[in-house]
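Asks:
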Amino acid sequence: MNKKDDAYVTDLALQAGRGDKQALSEFIRLTHDDVWRLLAHLAGREQADDLTQETYLRVLGSLPRFAARSSARTWLLSLARRAWVDSVRHDMARPRKAAAEYEDVAAQQPSGDNPNTWSEVMDARSLLDALAPERREALILTQVLGYTYEEAAKIAGVRIGTIRSRVARARRDLVTGIEADGQGI
1 MNKKDDAYVT DLALQAGRGD KQALSEFIRL THDDVWRLLA HLAGREQADD
51 LTQETYLRVL GSLPRFAARS SARTWLLSLA RRAWVDSVRH DMARPRKAAA
101 EYEDVAAQQP SGDNPNTWSE VMDARSLLDA LAPERREALI LTQVLGYTYE
151 EAAKIAGVRI GTIRSRVARA RRDLVTGIEA DGQGI
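The end of the sequence shown is residue 185 by the UniProt record's numbering, with every number in the run present.
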């Protein structure tokens, strides 16, 4: 993701906002993976497809008003983030899965060549899921997806110092979680 690519994607978004269907198709093709990866990390792989679709539905309604005050990727990922936040709010009103349901899913998953792989992935996912949502978001944007602190701040709609402190706290929380897990707590 470089400045040239961002300028091209932004130009496509502007053209799509003026009704160019080919530009819209190319815009979606070039940005889909970024949106899906962000949402997979924030909400989980099982919800990423639905949230990606919801994001692009929002994009279709918002493209005519896109004014390129930021790059189209930054704008798009902020829409994806809002779709995720809205889904979290919606899910808070619904009952959570019981631990037995997660155990049933885990029992059905193939273990592959390494019996520890599934366990390690679940441990890592559990550590990420245990982070406060705003810390998880900052960590994923900067450390997993590779956005700069400035870009992450624009996507999250906060100041750059807020992103820095959230990433630092998320790292600290992960280390604490790993140390606690290692002690059998």
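We treat Cβ as the ideally placed atom computed from N, Cα and C, and that holds for glycine.
(1) Check this for me: beta carbons of R37 and L145, under 8 Å apart or not?
(2) Apart from the five residues on each side of it in sequence, which residues of its chain come closer than 7 Å, Cβ to Cβ, to A83?
(3) Between which residues of its own chain and A40 is the CB-CB distance below 7 Å, once the five residues before and five after are set aside?
(4) Roughly how many angstroms lie between the CA atoms of G44 and S87, to the nearest whole one?
(5) Report yes or no: do three or more beta-carbon pairs, one from the stretch 150-169 and one from the stretch 59-69, lie closer than 8 Å?
(6) Name the two residues that bound the continuous alpha helix (DSSP H) containing P133.
(7) Report the CB separation of S78 from I155 in whole angstroms; it is logged as a contact under 8 Å.
(8) Given this structure, state the Cα-to-Cα distance separating V158 from L141, to the nearest angstrom.
(9) Could you give the uninterrupted runs of the alpha helix (DSSP H) lying entirely in the UniProt domain "RNA polymerase sigma-70 region 2" (28-90), keeping only those of 4 residues or more?
(10) With DSSP as the reference, label E151 as helix, strand or coil.
(11) Can you check whether the CB of A23 is closer than 8 Å to the CB of Q15?
Replies: So, from the data block:
(1) yes
(2) In its chain, beyond the 5 residues on either side, L51, E54, T55, R58 have a beta carbon closer than 7 Å to the beta carbon of A83.
(3) These residues qualify, in order along the chain: A48.
(4) Looking at the two C-alpha atoms, the distance is approximately 12 Å.
(5) Cβ pair count under 8 Å is below three, so no.
(6) 133-139
(7) 5 Å
(8) The C-alpha of L141 is placed about 13 Å away from the C-alpha of V158.
(9) 45-62
(10) helix
(11) yes
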